[in-house]
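Start counting the sequence shown at 130; every next residue gets the next number (my numbering). Quick reminder that beta carbons are idealized off the backbone N, C-alpha and C, glycines included. Below is one structure, written out as structure tokens; comments come after it.
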Amino acid sequence: MEQRRWLKIAILMSLLAISCSRELKVKHKDNLPIYNHTIATILVEYASAVYLSDLTELFTWTCSRCDDLTEGFEVIELIVDVEHCLQGFVGVAKDLNAIVIAFRGTQENSIQNWVEDLYWKQLDLNYPGMPDAMVHHGFYSAYHNTTMRPGVVNAVKRAKKLYGDINVMVTGHSMGGAMAAFCALDLKVNHETQNVQVVTFGQPRIGDSAFVAYYSELVPNTFRVTNEHDIVPHLPPYYPHLTQKTYHHFPTEVWLYNAGFGSLVYPVEKVCDDSGEDPSCSRSVMGNSISDHLEYYGVELGGDTPRTCRIVMDPRVAAYGVQDLGGNFILSRDPSTSVVKLKIESSIPSNVI
Ligand SMILES: *[C@@H]1O[C@H](CO)[C@@H](O)[C@H](O)[C@H]1NC(C)=O
Ligand SMILES: *[C@@H]1O[C@H](CO)[C@@H](O)[C@H](O)[C@H]1NC(C)=O
130 MEQRRWLKIA
140 ILMSLLAISC
150 SRELKVKHKD
160 NLPIYNHTIA
170 TILVEYASAV
180 YLSDLTELFT
190 WTCSRCDDLT
200 EGFEVIELIV
210 DVEHCLQGFV
220 GVAKDLNAIV
230 IAFRGTQENS
240 IQNWVEDLYW
250 KQLDLNYPGM
260 PDAMVHHGFY
270 SAYHNTTMRP
280 GVVNAVKRAK
290 KLYGDINVMV
300 TGHSMGGAMA
310 AFCALDLKVN
320 HETQNVQVVT
330 FGQPRIGDSA
340 FVAYYSELVP
350 NTFRVTNEHD
360 IVPHLPPYYP
370 HLTQKTYHHF
380 PTEVWLYNAG
390 FGSLVYPVEK
400 VCDDSGEDPS
410 CSRSVMGNSI
420 SDHLEYYGVE
430 LGGDTPRTCR
440 IVMDPRVAAY
450 GVQDLGGNFI
460 LSRDPSTSVV
470 KLKIESSIPS
480 NVI
């Protein structure tokens, strides 16, 4: 009798265990972020616009790349770190019901030199508060140790005061993608932002597998779009056999490539596995193209002028700015006031700095 009762209990327990584990699995699957093509094609336009050097046009959202899917965007803050040649903006996209943050990629050297430098980047900084998680010091500092971070954090706070706890979408191309990832993580860990999502384009690797474990737990809604043979996502290199001491991408990659051949070529957007290093995605081809790096979804990503840190600004827009001792400045406007509208007349000279 006693034995039977135990048997019953044991069967019950195992049934429970099975249903529990099933439930957990299903739950996990439901929580996986879903790639949204529309959002990616909108965000790529923000990642493209942030490269432009005319700050007047950017601040008033009248630039040549400021129409199409980003029309009506309201810039809240434009951050220009002159010392480190960095640029980013924060604003509100009403159609997405989201705060959008975009970071510019590298401008200083020729892209060729920059890509060559990427080979040698070392995992040389322990990400604060994350034991064993190593990241690249330069990418980390570009966000954390410049005017970018205080500018962005402050603008997000001001936007949230007015719009409430709406989604935050962070984007960037190339090194701007690396900065977007550090920014999203910072907003989640240090600034109580729950609903943050990231889409980057042609982003290099930024940390090791321990870092990736933390990152993907904290910012699961992240898509890292890679295009065909774009060289930059292959850098710094990933060595599958050096499990601890190698750079490792975070998930989820979306690989854009053309399938078929001849007159039957058609574009594919492949959503890759949750490892970050899906061998059947961009890793299945050689990363040997710079031109694939400079265009995503047909949108040009790169500066409008030769790769310098030149900026152009109308004196009337400069009035919205605050400058620090290093010459870095932030243009900001009160999000509750109407959009800045300046009548730009071609006869008014712009200040070239
Ligand atoms: C993708 O995002 C757009 C814009 O927010 C939204 O309208 C659309 O419903 C989303 N699509 C899917 C499949 O979730
Ligand atoms: C931050 O930048 C300053 C000066 O640019 C430098 O002295 C300092 O070492 C940097 N800190 C980190 C953590 O990179």
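Query	Result
Give every residue whose Cβ lies closer than 6 Å to any heavy atom of ligand 3, listed in chain order.	Absence of ligand 3 from the depicted structure is noted, with ligand 1 and ligand 2 being the only ligands included.
D315 by DSSP, collapsed to three states: which one?	helix
Below 8 Å between beta carbons: does that hold for F379 and V328?	no
Per DSSP, which one or two residues make a beta bridge with Y94?	This structure leaves residue 94 out entirely; the chain is present only between 130 and 482.
Judging by CA-CA distance, which residue of N274, A339 and A288 is the nearest neighbour of C312?	N274
Select from R287, P333 and N255 the residue whose C-alpha is nearest the C-alpha of Y343.	N255
Could you check what DSSP says for R233 in three-state terms: helix, strand or coil?	coil
Quick one: Cα of E152 to Cα of N296, how far?	A caution first: E152 carries a pLDDT of 37, below 50, which makes its placement in the model unreliable, though a value can still be read off. Cα-Cα distance, rounded: 28 Å.
Under 8 Å: do the segment 392-400 and the segment 357-376 share three or more Cβ pairs, one atom per stretch?	no
Just mark E422 as buried or exposed, buried being the case when its beta carbon has 16 or more other beta carbons within 10 Å.	Before going on, a small fix: residue 422 reads as His here, not Glu. H422 should be labelled buried.
Compare the beta carbon distance of G220 and E200 with 8 Å and say whether it is the shorter of the two.	no
By DSSP's criteria, A227 is part of a beta bridge. Which residues make up the other side?	A222 and N296
If we call anything under 8 Å between Cβ atoms a contact, is R278 one with I205?	no
Would you please state the rounded distance, in angstroms, between the beta carbons of G301 and A222? I believe it to be under 8 Å.	Rounded, the Cβ-Cβ distance is 16 Å, inconsistent with contact.
Is M277 helix, strand or coil by DSSP?	helix
With a threshold of 16 other CB atoms inside 10 Å of the CB of Y248, please say whether the residue is buried or exposed.	exposed
How is S409 classed by DSSP in three states: helix, strand or coil?	coil
What is the DSSP secondary structure of L254, counted as helix, strand or coil?	strand
Judging by CA-CA distance, which residue of V318, N319, D359 and H363 is the nearest neighbour of I335?	H363
Do V244 and L252 have their C-beta atoms within less than 8 Å of each other?	no
Could you tell me whether the Cβ atoms of V383 and E398 are closer together than 8 Å?	yes
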